[in-house]
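Residue 912 is where the sequence shown starts when you use my numbering, and the numbers rise one by one after that. This report concerns only the one structure given below.
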Amino acid sequence: MGDLRRMSTLVRMLADEIHRAEDLFASDTSAAEIEQDLLPDTPAVQPIESLAKAARRYARLRQRRAALFTSDLFADPAWDILIDLFASEHEGRKVAVTSACLASAVPSTTALRWLSLLERERLVERVGDASDKRRSFVQLTRPAEESMAAWFGLMVAEWGSEGESPSGRRQA
């Protein structure tokens, strides 16, 4: 008898779902609206300028964190380089190799190794300076730029467009 009752409950639940689907399709709702209702919430697309500002704010927060902790536990030179390149690109600034090394906050030889690794991973590329053959610039590759934009878009969506942290406090 228990199995029959359980099957009856499942059939009722299935019938309810079918009725809901019928109601959804019977209304004047467009396919796009139905799809939007079925998909999980996705963050709104942010203007790239606001993402560049978010990147600079995030970099400042990382620097402040480094000032609060005397340890090298939080060193992440590759990430610091990518953040600086992303923000600089959208601020209209080219980044020389030496500037990228400075952004990493590690000794230049270490930063150069990280730049080489980022190049091997096809996240950054070097571009020669047309006016000075001794100098080269570093820039994000297109896939890396898209990934950074997506990451900062998620961060901005999580914090809210007014710059609030998840705790609700305003960030610098």
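Using N, Cα and C, we set each Cβ at its ideal position, and we do this for glycine too.
D1040 sits exposed, since fewer than 16 C-beta atoms from the chains shown fall within 10 Å of its C-beta. For L1051, no alpha helix (DSSP H) segment is defined; the enclosing uninterrupted segment is the beta strand (DSSP E) at S1047 to L1051. In the DSSP assignment, G1039 forms a beta bridge with S1047. If you draw a straight line from the Cα of M1066 to the Cα of T1052, it comes to about 21 Å. Nearest in C-alpha terms to E1036, of all of E1002, R973, S1027 and D1043, is S1027.
Taking 4 residues as the minimum length, the alpha helix (DSSP H) runs contained wholly in the region 965-1048 are 988-1001, 1008-1015 and 1019-1031, in order along the chain.
Counting the other Cβ atoms within 10 Å of the Cβ of L996 gives 16 or more, which makes it buried. Collapsing the DSSP output to three states places G1064 in a helix.
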